[in-house]
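**Q** Protein chains in written order, with the numbering used here: chain W, 2 to 816; chain A, 293 to 447.
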Amino acid sequence: MNIIGKRLPKVDSWDKVVGATKYAGDLSLPRMVHARILRSTMPHARILNVDVRAAQELPGVCAVITGRDVPIKYGILPSSQDEEALCVDKVRFVGDPVAAVAAIDPETAERALELIEVEYETLTPVLSIPDALDETRDAIHDEAHADHHNIHKLVALEFGDLAAGFAQADYVLEDTYFYQGNTHLALEEHAALAAYSPDGHLTLWSSTQTPHYVHRALAKTLELPPSRIRVIAPAIGGGFGGKTDPFAHEIVACKLAMLTGRPVKIMLNREEVFYCHRGRHPVLMWVKMGVRSDGEPTALHFRTMLDGGAYGSYGVASTYYTGALQTVTYKIPAYKFEGMRVFTNKPPCGPKRGHGTPQPRFALEVHLDKIAQHLGLDPAEYRKRFVVDDNTKTVNHLTITTCGLRECIDKVVEASGYQKKKDEGGRMKDEINPAHSSFTPHPSSLRRGLGLACGAYLSGAGLPIYWNDMPHSGVIVKVDRSGGVAVFCGSTDIGQGSDSLLAYIAAEEFGIDVRDVRVVTADTDLTPVDLGSYSSRVTVMTGNACLEAIRPLKEKILDTAAEKLMVPAESLSFRKGEIVCEDDDARRLKWNEAVVLAETKYGTLSGTGSYKPPKRAGPYKGSGVGVTPSYSYSACAAQVSVDIETGQVKVEKVWIAHDAGRALNPLLVEGQTEGSVYMGVGEALMEEMTYRGGLHKTPSLLDYKSPTTLDMPEIHTFLVETLDPEGPYGAKEAGQGPLLPVPPAIANAVFDAVGVRIDETPITPEKILKALSDTSSSAEKTKGRAPRVGPKDFPQAPYPEPIRVEPPASAPKLR
Amino acid sequence: MKQVIRLRVNGQLHEIYTAAHKTLLEVLCEDLDLTGVKHGCELGECGACTVLVDGTPMLACLALPIELQGREITTVEGMARGTELHPLQQSFAELGAAQCGYCTSGMLLSAKALLDREPDPTREEIREALAGNLCRCTGYTKILDAVEKTVNSDQ
Numbered sequence: 002m003n004i005i006g007k008r009l010p011k012v013d014s015w016d017k018v019v020g021a022t023k024y025a026g027d028l029s030l031p032r033m034v035h036a037r038i039l040r041s042t043m044p045h046a047r048i049l050n051v052d053v054r055a056a057q058e059l060p061g062v063c064a065v066i067t068g069r070d071v072p073i074k075y076g077i078l079p080s081s082q083d084e085e086a087l088c089v090d091k092v093r094f095v096g097d098p099v100a101a102v103a104a105i106d107p108e109t110a111e112r113a114l115e116l117i118e119v120e121y122e123t124l125t126p127v128l129s130i131p132d133a134l135d136e137t138r139d140a141i142h143d144e145a146h147a148d149h150h151n152i153h154k155l156v157a158l159e160f161g162d163l164a165a166g167f168a169q170a171d172y173v174l175e176d177t178y179f180y181q182g183n184t185h186l187a188l189e190e191h192a193a194l195a196a197y198s199p200d201g202h203l204t205l206w207s208s209t210q211t212p213h214y215v216h217r218a219l220a221k222t223l224e225l226p227p228s229r230i231r232v233i234a235p236a237i238g239g240g241f242g243g244k245t246d247p248f249a250h251e252i253v254a255c256k257l258a259m260l261t262g263r264p265v266k267i268m269l270n271r272e273e274v275f276y277c278h279r280g281r282h283p284v285l286m287w288v289k290m291g292v293r294s295d296g297e298p299t300a301l302h303f304r305t306m307l308d309g310g311a312y313g314s315y316g317v318a319s320t321y322y323t324g325a326l327q328t329v330t331y332k333i334p335a336y337k338f339e340g341m342r343v344f345t346n347k348p349p350c351g352p353k354r355g356h357g358t359p360q361p362r363f364a365l366e367v368h369l370d371k372i373a374q375h376l377g378l379d380p381a382e383y384r385k386r387f388v389v390d391d392n393t394k395t396v397n398h399l400t401i402t403t404c405g406l407r408e409c410i411d412k413v414v415e416a417s418g419y420q421k422k423k424d425e426g427g428r429m430k431d432e433i434n435p436a437h438s439s440f441t442p443h444p445s446s447l448r449r450g451l452g453l454a455c456g457a458y459l460s461g462a463g464l465p466i467y468w469n470d471m472p473h474s475g476v477i478v479k480v481d482r483s484g485g486v487a488v489f490c491g492s493t494d495i496g497q498g499s500d501s502l503l504a505y506i507a508a509e510e511f512g513i514d515v516r517d518v519r520v521v522t523a524d525t526d527l528t529p530v531d532l533g534s535y536s537s538r539v540t541v542m543t544g545n546a547c548l549e550a551i552r553p554l555k556e557k558i559l560d561t562a563a564e565k566l567m568v569p570a571e572s573l574s575f576r577k578g579e580i581v582c583e584d585d586d587a588r589r590l591k592w593n594e595a596v597v598l599a600e601t602k603y604g605t606l607s608g609t610g611s612y613k614p615p616k617r618a619g620p621y622k623g624s625g626v627g628v629t630p631s632y633s634y635s636a637c638a639a640q641v642s643v644d645i646e647t648g649q650v651k652v653e654k655v656w657i658a659h660d661a662g663r664a665l666n667p668l669l670v671e672g673q674t675e676g677s678v679y680m681g682v683g684e685a686l687m688e689e690m691t692y693r694g695g696l697h698k699t700p701s702l703l704d705y706k707s708p709t710t711l712d713m714p715e716i717h718t719f720l721v722e723t724l725d726p727e728g729p730y731g732a733k734e735a736g737q738g739p740l741l742p743v744p745p746a747i748a749n750a751v752f753d754a755v756g757v758r759i760d761e762t763p764i765t766p767e768k769i770l771k772a773l774s775d776t777s778s779s780a781e782k783t784k785g786r787a788p789r790v791g792p793k794d795f796p797q798a799p800y801p802e803p804i805r806v807e808p809p810a811s812a813p814k815l816r
Numbered sequence: 293m294k295q296v297i298r299l300r301v302n303g304q305l306h307e308i309y310t311a312a313h314k315t316l317l318e319v320l321c322e323d324l325d326l327t328g329v330k331h332g333c334e335l336g337e338c339g340a341c342t343v344l345v346d347g348t349p350m351l352a353c354l355a356l357p358i359e360l361q362g363r364e365i366t367t368v369e370g371m372a373r374g375t376e377l378h379p380l381q382q383s384f385a386e387l388g389a390a391q392c393g394y395c396t397s398g399m400l401l402s403a404k405a406l407l408d409r410e411p412d413p414t415r416e417e418i419r420e421a422l423a424g425n426l427c428r429c430t431g432y433t434k435i436l437d438a439v440e441k442t443v444n445s446d447q
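1. Taking the alpha carbon of W:Gly484 as the reference point, which residue from W:Val518, W:Gly96 and W:Met713 has its own alpha carbon closest?
2. Which residues in chain B have a C-beta closer than 7 Å to the C-beta of W:Thr709? List them in chain order.
3. Express the C-alpha separation of W:Ile38 and W:Ala100 in angstroms, rounding to a whole number.
4. Shorter than 8 Å from the beta carbon of A:Glu410 to some beta carbon of chain W?
5. Strictly below 7 Å CB to CB, what residues from chain A border W:Ser14?
6. For W:Pro10, decide whether its Cβ has a neighbour in chain A, counting only Cβ atoms nearer than 8 Å.
7. Residues of chain A with CB under 9 Å from W:Tyr679, in chain order?
8. Give me the Cα-Cα distance between W:Ala810 and W:Gly627, rounded to the nearest whole angstrom.
9. Enumerate, from N- to C-terminal direction, the unbroken beta strand (DSSP E) stretches of 3 or more residues contained entirely within the stretch 13-68 of chain W.
10. Could you tell me which of W:Arg231, W:Ser198 and W:Glu118 sits nearest to W:Ser207, measuring between CA atoms?
11. Since W:Cys1 is in the alpha helix (DSSP H), which residue starts that stretch and which ends it?
12. Just how far apart, CA to CA, sit W:Pro726 and W:Gly544?
13. When you compare the CB positions of W:Pro803 and W:Lys613, do they come within less than 8 Å of one another, or not?
14. Is the CB of A:Arg373 under 8 Å away from at least one CB in chain W?
15. Return helix, strand or coil for A:Thr310, following the three-state DSSP convention.
16. Tell me, please, which residues DSSP counts as bridged to A:Gln304.
17. Can you tell me whether W:Lys591 is buried or exposed, with buried defined as 16 or more other CB within 10 angstroms of its CB?
18. Just the Cα atoms here: how many angstroms apart are W:Glu136 and W:Ser537?
19. So is A:Ala453 in contact with chain W if we call contact Cβ pairs under 8 Å?
20. Note the first and the last residue of the continuous beta strand (DSSP E) segment covering W:Gly610.
21. Relative to the C-alpha of W:Met687, which residue among W:Lys651, W:His717 and W:Phe303 is closest?
22. Less than 8 Å between the beta carbons of W:Ile410 and W:Val292, yes or no?
23. Just to confirm my understanding: we take W:Ser439, look at its own chain, exclude 5 residues before and 5 after, and list those with CB closer than 8 Å. What are they?
24. Against chain W, with Cβ distances strictly below 8 Å, would A:Pro397 count as a contact?
25. Who pairs with W:Ile657 in a beta bridge, going by DSSP?
26. In the DSSP assignment, what residue or residues form a beta bridge with W:Cys490?
27. Any idea what DSSP makes of W:Trp592, helix, strand or coil?
28. Once DSSP output is grouped into helix, strand and coil, what is the label at W:Gly738?
29. Note down the Cα distance separating W:Pro389 from W:Asp379, rounded to an integer number of angstroms.
30. Quick check on W:Ala218: does DSSP put it in helix, strand or coil?
31. Where are the beta strand (DSSP E) runs, 3 residues long or more, that stay fully inside the stretch 310-381 of chain A, in chain order?
32. Check the Cβ of A:Arg419 against every Cβ in chain W and list those closer than 7 Å, keeping chain order.
33. Work out the CA separation of W:His282 and W:Gly313 for me, nearest whole Å.
34. Which residues does DSSP pair with A:Gln295 in a beta bridge?
35. Could you tell me whether the Cβ of W:Ser439 comes closer than 8 Å to any Cβ of chain A?
36. Are the C-beta of W:Gly512 and some C-beta of chain A separated by less than 8 Å?
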């Protein structure tokens, strides 16, 4: 192959390095006005009155709207239509949108907001999981939007014989874990520009990962025919899941454009982006796992509680995701999952890189480390022995096509010198040499440790967000007499390189230069539907659709070339700008000439391709979450140093191996892997969304900590290829999976370094010092357990009777 | 209150009639249409709005144009000579240092200031020089690689 597998620059790199790329906030139109949104100052309150008269009278104000102007509810999931573009009767968190203004400049709009008077009647705020379980507190939503009072969703599923599994176990370990909420913090703040033409056409440019879903939400809330709405995603300055919901500001900008007849631009500031959130759910977890004396898992029981924030968002899916993928790495013969998501008066949580799976992965991988420690097993060898096999199903009916996890573990073990660095007791030999530590004032207080963890993630959700049987991804390819190829696809490049991928595939298949391919994406008028950049679906789904679109074009071009060259079409291939006869090198035709001949014979040349994932959902409600064409696998080894005087953790080195099926461009797959490691390091050590009485404590980049160049370790990346049959050229996902093993690898490394378990993120200096010194930790010691900081107990929750599901025939079985 | 401000940007002198309280970031984006400079936090923390003032990195969201009259301001649009890219721009594109691209302008200018001052920096010195520029996509690896490659190809 000439293009696939090569370390090529992204097609959009050149504009990006000269500052020519246009993001939504860079766009402007003649006669444009500027919108701002007034947001709630109350965590939970009824709106008694919104007085906008003074704002309307301010010179320069073009329009003021409130909830009554856009009252139709919406939400990303059909089952969670609980959001309003501007709140009508009630506000549910500090930052909830209440009113909006369009004015001739942002300053005037801002001044107008100050003139709006909102009268609230305060309600008891619900700020934590225990608050949400307390039925004396006010309900945040009507019962119609919740399973029970402030419980949004309750799930219970059981696969295989759990009781028999635990009965066969030689060792059963129970523990609780907490994974803190954190946010995407894409560097680009959300922005949108809306224009409404006199003939009733609405156009929205918006920093969104999912133009198709925004399209649907606009049609619903604005009551316009979808055929007259056009949504365009320009270049996106980072997403990570934070731009995957339809947002209030998008609807507001459109409504204001419709009312004023002028283009309306809205740019959120960083504080507002923190309120949009949809980030990582804080999840409290209880894990009970039974193993035989050699470590073989016999049963796993997993409970999760998600603090969802004020709205549904993707929360129902997030809840299922906290239970779905525990089974796709190691053979689990019996599994029970109970999950619950609650509403609280905080910014809504949603999907962040890894959507609902990094939290349980953290708990599971730390839990396995404890089991290995207890049984005296090497954590790497132990995991390898129970890794799932190719072409099998899990106990919860998920299909494993290919799994490169064993090789991933081998790669990081070898590269990190894992075995060599461990002493007989399995602890890292402390090799910190004071003479070599130039930057630390107390070298003698440093302890070094090495930790290992694994993970898996899906290559795209197997089901669409709203029920339908249409393609998940569509591609149109056009070739014409210029020799140029244009690829049209609804997919959205958020920086990961999805535009480039379409260009690489077309260039590879036609044997031409990547520069001769133009890619047109993320425009609901011009491009066929693609569901969007989420769930790591893009490479597999758009790639397959693109290959399908190209196939008939290749046939036509080869057919006409064969006539011209007087050879059979089967003997021809596309090679570096030519069509060449494999049997006779002298018979060749320039690409451009071949295209002219094909266009002459067949007329306008275009091909369409569609992709729908295989139908694999198991026979139970909720089985749609977790199914996918293929799973990616990752293993991570992290080396940390911990200062026992300050509690400071420094991640010194990370080795990560990722099974991406085939790396269509290794440079980009490495980039996704390294970016995932980065985000995992941030979540493990510092990133957190915290609140005081419903107020976000750190809604700015100054206060919300994220890793800089100085916090990041050197990352050693290894790509493992399994050539998965479901993916284009064998590819699987790369954008999310490699984050998963990073936080638990760091937690396991901290234990290796100082012998304490920090069973919650972020692993801060305070927690380490507390674990090292706390008297309650000594109590743990007397029970034969390592000193620990983590959740002490797991609240009682009304989990329902589980749906009991018979495992599939090829699932792991109890002996 | 509006007034005339004379700014020299990328070698060109501009006379701008604009509000005196506007930041350099706002004037570059809104009045001069140099949208390569990016806003990410409005308080001088993310580095996306980094420009060079007389060769030194400065955060445009915290700078007032009125105080910068007579100084030489360089934005990312001023890095290439005609169609010839600055070596840093070339390596950033070739090595995948720009994913979403939002931090790229600021990263390039901070790196340029470093290389103009210290043509042969170590990886640690590159880390130090870029510590004020946040990137959420790359984990910084490919960015550090790109700056290092530029250093090595210059020799």
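A virtual CB, placed ideally from N, CA and C, is assigned to each residue, including glycine. These numbers come from a predicted model, not from an experiment.
**A** Let me lay it out:
1. W:Val518
2. Protein chains in the displayed structure are W and A, and chain B is not among them.
3. 6 Å
4. no
5. Ala385 and Ala390
6. yes
7. Cys427, Arg428, Cys429, Thr430, Gly431, Tyr432 and Thr433
8. 19 Å
9. 34-40, 46-52 and 62-67
10. W:Arg231
11. For residue 1 of chain W there is no data in the structure shown, the boundaries of chain W being 2 and 816.
12. 13 Å
13. no
14. no
15. strand
16. A:Val301
17. exposed
18. 38 Å
19. Outside the shown range of chain A, which is 293 to 447, sits residue 453 of chain A, and nothing can be said about it.
20. Leu606 to Tyr612
21. W:Lys651
22. no
23. Confidence is the limiting factor: at W:Ser439 the pLDDT is only 43, short of 50, which leaves the residue's position unreliable and the question unanswerable from this model.
24. According to the sequence provided, residue 397 of chain A is Ser. The question's Pro does not apply to it. So, interface residue.
25. W:Cys637 and W:Thr718
26. W:Val476 and W:Thr522
27. helix
28. helix
29. It is worth fixing the name first, because residue 389 of chain W is Val in this sequence and not Pro. When rounded, the distance between both Cα atoms is 18 Å.
30. helix
31. 342-345, 348-351 and 364-366
32. Thr710 and Leu711
33. 12 Å
34. A:Thr310
35. The predicted model places W:Ser439 with a pLDDT of 43, which falls under 50 and marks its position as unreliable; any figure quoted below should be read in that light. No, W:Ser439 lies away from the interface with chain A (no Cβ there is under 8 Å from its Cβ).
36. no
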